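Residue numbers (my numbering): 264 to 607.
In what follows, a single structure is set out as structure tokens and then discussed.
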Amino acid sequence: MNKIRIRASKEYDVCIGTGLLSQLGTLIAQLCKVQKAAIISDSHVWPLYGQAAKSSLVQAGFEVVNYVFPAGESSKNGLTFLSILNFLAENQLTRTDCIIALGGGVVGDLAGFAAATYLRGIDYIQVPTTLLAAVDSSVGGKTAIDLPAGKNLAGCFYQPKLVVCDIDTLSTLPAPVFRDGCAEVIKYGVLFDPALFVHLEHAGIAFDRKAVITRCVELKNAVVSEDEFDTGRRMLLNLGHTIGHGIEASSNFSVSHGQAVAIGMAIVARSSGCADAGRIIGCLQRFGLPTETTLSAQVLAAAALSDKKRSADTVKLVLPERIGSCQIVPTPVGQLLSLIEAGL
Ligand code: NAD
Ligand code: GLY
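Listed below in structure tokens is the structure:
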């Protein structure tokens, strides 16, 4: 098992390895009082891994309750959030009990926000079961729900007590969901790590799961420990996302998040004049990710301008200089259209 210590305002370990679901109870019992644990999961993940997680916790002495909601982004809303809070209250969880988020980014964001707000904050443990959650959403403490006006509009920073990533769970991921996570993995290589990028370029989808997830978490740790609250360097993680979010929204979410981020990365790689644009695009394609869109520059620029992270007259775009080095560039609103046109 690999262990990475996340050095945010609250420190915690991320454990990465195989067979970890059966050790979940013992790992948590080393950190939390052995009382009550509420597993929050979704309707796809619970039938696959719910019993294994529950048995491990029961064996370690926990009393376990579970709440399962319908899988998918459409559940990441205020209604599910309130239902979880009511479930925790009905089951009389106290401040010394804990929540286990068993699932992908949707489960992690919802359960994390519930943990942050229930009784003004109780411990939670992230157990990511998608590649995206393993390398990104389970680490760094961003929690959120969507509002009718947009994604992730309500939430807070609230770090977990522990992250347990059992690589075995990734084996049941539908191929498109796994590929979505690959876009985020490639993003880390482009942002920070030429050696990681070369490994991905050569290995393609057969990349070394444990080594690559570990490296991505180390890279995220470096960013989060420097800028936990996303006011500076952490914004680098938005590479491909500003334009990607526009593609997702303008396609009515028929283009998935990972696909949209891949297209977003390809667009900024081309438009920034990055010498490695060809390699970035080639690597995305090797993973079966799209690098083109039929949406017009006008549509993409309009969508990017509704990004919640824009200021009055600029949009912060992350532009690659070369593999392993990117810059956050405040781009005047007036230049956005031509920049996107150059990348299509
Ligand atoms: P997801 O949680 O919806 O999971 C994708 C699909 O895979 C779902 O149908 C899920 O039920 C299923 N699934 C999960 N694990 C499985 C497994 N092991 N086997 C079979 N099926 C499985 O989506 P995601 O891509 O993991 O996460 C996307 C969410 O994460 C978005 O809501 C996004 O806003 C959020 N996010 C948060 C952060 C953060 O820092 N908090 C970062 C990136 C993304
Ligand atoms: N997913 C981006 C971040 O954690 O900041």
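C-beta atoms are modelled at their ideal positions from N, C-alpha and C, and glycine is treated no differently.
For clarity, every value in this text was computed on a predicted model and none was experimentally measured.
The C-beta of residue 547 has 16 or more other C-beta atoms within 10 Å across all chains shown, which makes the residue buried. Look at which beta carbons fall closer than 6 Å to any heavy atom of ligand 2; those residues are 399, 403, 405, 493, 497 and 500.
Here residue 322 carries a helix assignment [DSSP, helix/strand/coil].
Per DSSP, reduced to three states, the secondary structure at residue 315 is helical. The alpha-carbon of residue 501 is positioned some 18 Å away from that of residue 408. If the five residues before and after residue 315 are omitted, its C-beta is found closer than 7 Å to the C-beta atoms of 284 and 285, all from its own chain and listed in chain order. Within a 10 Å sphere around the beta-carbon of residue 584 sit fewer than 16 other beta-carbons, which makes this residue exposed.
Counting along the chain, the unbroken alpha helix (DSSP H) around residue 548 starts and ends at 540-549. Residue 559 and residue 464 have their C-alpha atoms spaced approximately 29 Å apart. In the displayed model, residue 510 falls within a helix according to three-state DSSP. Under DSSP, residue 330 shares a beta bridge with 303.
CA-CA distance, residue 492 to residue 420, rounds to 7 Å. By alpha-carbon distance to residue 530, the top candidate from 594, 506 and 342 is 506. Under the Cβ criterion (8 Å, minimum of three pairs), the stretch 448-465 counts as touching the stretch 583-597. Taking 6 Å as the cut-off, the C-beta of residue 436 counts as close to a heavy atom of ligand 1. Among the bridge pairs identified by DSSP, residue 585 is matched with 588.
The Cβ atoms of residue 311 and residue 435 lie closer than 7 Å to each other. In this structure, the straight-line span from the alpha carbon of residue 403 to that of residue 271 is close to 8 Å. Between residue 330 and residue 303, the C-beta gap is smaller than 7 Å, which places the two residues in contact. A contact between stretches requires three or more CB pairs, one per stretch, nearer than 8 Å, and the stretch 427-442 meets this requirement with the stretch 385-395. Residue 345 counts as exposed, since fewer than 16 other C-beta atoms from the protein chains shown sit within 10 angstroms of its C-beta. Remark: the C-beta of residue 307 is in contact range of ligand 1, defined as less than 6 Å to any heavy atom. Between the stretch 594-602 and the stretch 574-583, the count of C-beta pairs closer than 8 Å reaches three or more; the two stretches touch. Proximity of the stretch 444-454 to the stretch 411-428 falls short of the contact definition, fewer than three beta-carbon pairs being nearer than 8 Å. Within the same chain, 410 come within 6 Å of residue 416 by CB-CB distance, once the 5 residues on both sides are set aside. Inclusion of residue 481 and residue 267 in the CB contact set at 7 Å is warranted, their separation being smaller than that value. At the C-beta level, residue 370 and residue 354 stay beyond 7 Å of one another. Out of 556, 453, 413 and 468, the CA that lies nearest to the CA of residue 440 is found in 468. Not one heavy atom of ligand 1 is found less than 6 Å from the C-beta of residue 448. In this structure residue 390 is in contact with residue 365, their Cβ atoms being roughly 5 Å apart against a cut-off of 8 Å. For a cut-off of 8 Å, the C-beta gap from residue 372 to residue 400 is around 7 Å, short enough to register as a contact.
Residue 552 and residue 527 do not touch by the CB rule: their CB atoms are close to 11 Å apart, not below 8 Å.
The Cβ atoms of residue 543 and residue 453 sit closer than 7 Å to each other.
Boundaries of the alpha helix (DSSP H) harbouring residue 466: 457-466, taken from the DSSP string. By the neighbour-count criterion, in which 16 or more other beta carbons inside 10 Å mark a residue as buried, residue 438 falls on the exposed side.
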